[in-house]
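Colleague: Have a look at the structure that comes next, please.
2 protein chains.
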Amino acid sequence: MGEFDLIARYFTRPARRNALGVGDDCALLQPGPGMQLAVSTDLLVEGRHFLSTVDPRRLGHKSLAVNLSDLAACGAEPLAFTLALALPAVDEAWLAGFAAGMFALADAHGCELVGGDTTRGPLAINITVFGEVPSGDALLRSGAQPGDDLWVSGTLGDARLALEALRGTVSLPEAVFAAARRRLEEPQPRVALGRALRGVASAAIDISDGLLGDLGHVLQRSAVGASVDAEAAAALLAARTQMALPPEQVNALVLAGGDDYELAFTAPSRLRGAVEAAARASATPVTRIGRIEAEPGLRVLDARGQPLAQRFPGFDHFA
Amino acid sequence: MGEFDLIARYFTRPARRNALGVGDDCALLQPGPGMQLAVSTDLLVEGRHFLSTVDPRRLGHKSLAVNLSDLAACGAEPLAFTLALALPAVDEAWLAGFAAGMFALADAHGCELVGGDTTRGPLAINITVFGEVPSGDALLRSGAQPGDDLWVSGTLGDARLALEALRGTVSLPEAVFAAARRRLEEPQPRVALGRALRGVASAAIDISDGLLGDLGHVLQRSAVGASVDAEAAAALLAARTQMALPPEQVNALVLAGGDDYELAFTAPSRLRGAVEAAARASATPVTRIGRIEAEPGLRVLDARGQPLAQRFPGFDHFA
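Here it is, written out as structure tokens:
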């Protein structure tokens, strides 16, 4: 199968919102009046971001999900995306699965594939996603203020737990592994929550690289510090309800595990009711796990308010 | 050097047109009133699109140039781009050269880096570019009409000639090789010509995959056929002025060589003067090499108007 046949068979669908579908030199997009276009791009490489054994349907889902998660962190509404795909060979079963997973999530968010590029090469997937957000309303990393609450959506650490099980460093009961693996391979981007937090959250970020590392970006951009309640964070490991794990391991998973496509966000404490309303409106659980402080730095505190002795290396693709 | 240091050192510059520079979850873009956003994405993989020995500065240039060429083919004005980079290792000399070449071309076109992603992996470069074009004015592949002239910009075939020399299948005098290699490694996207052709050209395409193959997309989209004057095309091989090459080889280079980031476009013959004015205004040579016909199919004709016996396989990344 040639490149153009491949695009025609797996990646061409009728154009909708976009003026031009896949196939011209450019796609044409037009944000609505008063709207800004939010753009993000994520590159996924085999062995680094996913294992060669991953179900292609889940990989298709995740490739788009990690990008939608960036839109969520800005409070943007998904609009469209481009897909660049390097494939070692044309494997039709793989392509059909990948496309099915990707388009199922795209359809769930009304997000249209508008262009792309395919080539032969070591498996790599690059999606660039476009969303729209009312001008000036995007959630940024730079707005956190001393006194703000620190919140996080959903659960934490289960994706990394599944990764460790796949690597063989931990052994999990079957049901725990299946649930954790779903968190790793089919993350649900928090688009509805991000949108609902416009005008409520003072800053937001997607914590794909681990809570502490990504929170660090917010603190740096906002020129503030924070304290994090380790016990409140540890309670967010879903697997804990089904099995016992050493406390240090739980801390490492929830605070620095990575691959949690959840939102960490800050909001003035007088807006707690509004945060809870946004969570209800988007059917997304949120938990308060700390607060923003004027003193620079990130303090992880135990149940007695004492600094945790444990250290958490940040997650870095080149470390 | 970690991922964030790498981004800070090589890819972070002050934000200009874009509301947010590199570093938030999303970049924010706003096309002007009445403008559409034109989007294109190209993925370059080592061994497929460039050799490992290429000068990183030229590779940085080319990685952006191939994307700007897609904007040119739509008549769009460059605005911004995102860069996703998979690197086998952090090589500072390589990164400095790559960034210098990329930013030099970006600055020449007022095109701003607004976001990206870096990871470790087999060398792959994916740029997604954004341009703006007045709503409804984009040059498309679908507008060619029977009777239109077929034009091409610049010269043809020299990039492929350089590639063949690098592969060792042809031997070139040093000066010819240097000039041809520049065409291969530092193509100049025809942005000014594309813009000048708005309202003049009836269809346009960027002929990166070879003239005949890419022209085929225009014919298919426009539901027309075309005849191409092989002699007029052959005259566009710049190397011909400096050395003799077998006619069949010249034909293969100019008609199906690939990697020519020139525009092929069509225009009504009554607009020849306007095409020539657009060429002058953009300081870009253009040559009439054929015409659009109602009869489907692509006919390559010799100097006597007879079909050429020579066959030209299309260029396809999976063929």
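Chains as they are written, first to last, in my numbering: chain A, 5 to 323; chain B, 5 to 323.
For each residue, glycine too, the CB sits at the ideal point set by N, CA and C.
Can you list, in chain order, the residues of its chain whose CB lies under 7 Å from that of Phe-276 of chain B, leaving out five sequence neighbours each side?
Modeller: The question names Phe, yet the displayed sequence has Arg at residue 276 of chain B. Result list for Arg-276 of chain B: Asp-153, in chain order.
Colleague: Quick one: give me the first and last residue of the alpha helix (DSSP H) that Glu-252 of chain B is part of.
Modeller: Note, Glu-252 of chain B: alpha helix (DSSP H), 251-260.
Colleague: What does a CB cutoff of less than 7 Å around Leu-55 of chain A pick up in its chain, not counting 5 residues either side in sequence?
Modeller: If we look at Leu-55 of chain A and ignore the five residues flanking it on each side, its Cβ neighbours are Leu-170.
Colleague: Verify the CB distance criterion: does Asp-111 of chain B have a CB-CB separation below 8 Å to chain A?
Modeller: So, not an interface residue.
Colleague: Hey, quick one: how far does the beta strand (DSSP E) through Val-290 of chain A stretch, first residue to last?
Modeller: That run of the beta strand (DSSP E) goes 290-297.
Colleague: Any beta carbon of chain B sitting closer than 8 Å to that of Pro-126 of chain A?
Modeller: Closer than 8 Å: yes.
Colleague: So for Phe-322 of chain B, helix, strand or coil by DSSP?
Modeller: Legend: pLDDT at Phe-322 of chain B = 44, less than 50; position of this residue unreliable, no value from coordinates given.
Colleague: Touching or not, the stretch 293-311 of chain B and the stretch 181-195 of chain B, by the rule of three or more beta carbon pairs under 8 Å?
Modeller: With a cut-off of 8 Å, the stretch 181-195 of chain B and the stretch 293-311 of chain B do not count as touching, because too few Cβ pairs lie within range.
Colleague: Taking 8 Å as the CB-CB cut-off, is Arg-52 of chain A touching chain B?
Modeller: Closer than 8 Å: yes.
Colleague: In chain A, what lies closer than 9 Å to Asn-1 of chain B by C-beta?
Modeller: Past the boundaries of the shown model lies residue 1 of chain B; chain B is included only from 5 to 323, so the question cannot be answered.
Colleague: Examine the Cβ distances between the stretch 123-139 of chain B and the stretch 64-81 of chain B and report whether three or more of them are shorter than 8 Å.
Modeller: Short answer: they touch.
Colleague: Got a sec? Which residues, its chain only, sit under 7 Å from Ile-296 of chain A by beta carbon, not counting five neighbours each side?
Modeller: Taken in chain order, the residues that qualify are Ala-148, Gln-149, Pro-150, Gly-151, Asp-152, Leu-154, Val-228, Ala-230, Thr-270.
Colleague: Counting contacts by CB-CB distance shorter than 8 Å, is Arg-13 of chain A in contact with chain B?
Modeller: Not an interface residue.
Colleague: List in chain order: all unbroken alpha helix (DSSP H) runs of 4+ residues lying wholly within the stretch 203-244 of chain A.
Modeller: Listed in chain order, the complete alpha helix (DSSP H) runs (minimum 4 residues) inside the stretch 203-244 of chain A are 215-226, 234-238.
Colleague: Can you check whether the C-beta of Ser-286 of chain B is within less than 8 Å of a C-beta belonging to chain A?
Modeller: No, Ser-286 of chain B does not count as interfacial toward chain A.
Colleague: Go through its chain and collect everything with a Cβ distance to Leu-165 of chain A's Cβ below 6 Å, but skip five positions before and after it.
Modeller: Answer for Leu-165 of chain A: Ala-184, Ala-243, Leu-257, listed in chain order.
Colleague: Would you mind working out which of A:Val-180, A:Glu-116, A:Leu-72 sits nearest Ser-44 of chain A, comparing C-alpha positions?
Modeller: Minimum Cα distance to Ser-44 of chain A is reached at A:Leu-72.
Colleague: I'd like to know whether the C-beta atoms of Tyr-265 of chain B and Val-70 of chain B end up nearer to each other than 8 Å.
Modeller: Yes; because the gap between Cβ atoms is below 8 Å, this pair is in contact.
Colleague: Between the stretch 215-229 of chain B and the stretch 93-111 of chain B, can you find at least three pairs of beta-carbon atoms closer than 8 Å?
Modeller: The stretch 93-111 of chain B, when compared against the stretch 215-229 of chain B, does not touch it at the 8 Å Cβ threshold.
Colleague: Leaving aside the five residues before and after Met-247 of chain A along the sequence, list all residues of the same chain whose C-beta is less than 8 Å from its C-beta, in chain order.
Modeller: Only Leu-176, Pro-177, Val-180 meet the Cβ criterion.
Colleague: Sort A:Ala-205, A:Asp-29, A:Glu-116, A:Pro-250 by Cα distance to Leu-267 of chain A and report the nearest one.
Modeller: Ranking the options by Cα distance to Leu-267 of chain A, first place goes to A:Ala-205.
Colleague: Check the DSSP bridge columns for Pro-49 of chain B and list the partner residues they point to.
Modeller: Per the sequence shown, the amino acid found at residue 49 of chain B is Val instead of Pro. In the DSSP output, where bridge partners are listed per residue, Val-49 of chain B has B:Ala-128.
Colleague: Classify Glu-189 of chain B as buried or exposed, calling it buried when 16 or more other Cβ atoms lie within 10 Å of its own Cβ.
Modeller: Classification of Glu-189 of chain B: buried, given that the 10 Å Cβ count is 16 or more.
Colleague: Whose Cβ in chain A lies nearer than 7 Å to the Cβ of Gln-192 of chain B?
Modeller: Per Cβ cutoff of 7 Å: no residues; Gln-192 of chain B is ~17 Å from chain A at best.
Colleague: With distances taken Cα to Cα, identify the nearest neighbour of Leu-214 of chain A among A:Arg-199, A:Arg-225, A:Asp-162.
Modeller: A quick correction: the sequence has Gly, not Leu, at residue 214 of chain A. Per the Cα distances, A:Asp-162.
Colleague: Can you name, in chain order, every residue of its own chain whose Cβ lies under 7 Å from the Cβ of Leu-68 of chain B, other than the five neighbours on each side?
Modeller: Counting only Cβ-Cβ distances below 7 Å, and skipping sequence neighbours, we find Phe-85, Met-106, Leu-109, Ala-110, Ile-131.
Colleague: Where does Gly-105 of chain A sit, in a helix, a strand or coil, going by DSSP?
Modeller: In this structure, Gly-105 of chain A counts as helix in the three-state DSSP scheme.
Colleague: With 8 Å as the threshold, decide whether the Cβ of Cys-115 of chain A is near any Cβ in chain B.
Modeller: False, the Cβ-Cβ gap to chain B never drops below 8 Å.
Colleague: Taking any Cβ of chain B, which residues in the stretch 197-223 of chain A have a Cβ under 7 Å from it, in chain order?
Modeller: Answer set for the stretch 197-223 of chain A: Ile-209, Asp-210.
Colleague: Could you please give me the residues that DSSP links to Val-137 of chain B through a beta bridge?
Modeller: DSSP output for Val-137 of chain B lists B:Gln-40 as bridge partner(s).
Colleague: Against chain B, does Arg-315 of chain A count as a neighbour if the rule is that its beta carbon must be under 8 Å from one of theirs?
Modeller: Output row for Arg-315 of chain A: interface = no.
Colleague: Just checking: is the beta-carbon of Thr-123 of chain A within a distance shorter than 8 Å of some beta-carbon in chain B?
Modeller: Answer yes: the Cβ-Cβ gap between Thr-123 of chain A and chain B drops below 8 Å somewhere.
Colleague: Starting from Val-180 of chain B, follow the alpha helix (DSSP H) in both directions and report where the run begins and ends.
Modeller: Looking at the DSSP string, the run of the alpha helix (DSSP H) that includes Val-180 of chain B is 178-189.
Colleague: I want to verify the contact list: residues of chain C whose CB lies under 7 Å from the CB of Val-58 of chain B, in sequence order.
Modeller: Looking for chain C here will not work: the only protein chains present are A and B.
Colleague: Below 8 Å on C-beta distance, what does Thr-16 of chain B contact in chain A?
Modeller: None at all; the shortest Cβ gap to chain A is about 13 Å.
Colleague: Report the neighbours of Thr-270 of chain B on chain A: residues whose CB is nearer than 8 Å to its CB, in chain order.
Modeller: Per Cβ cutoff of 8 Å: no residues; Thr-270 of chain B is ~14 Å from chain A at best.
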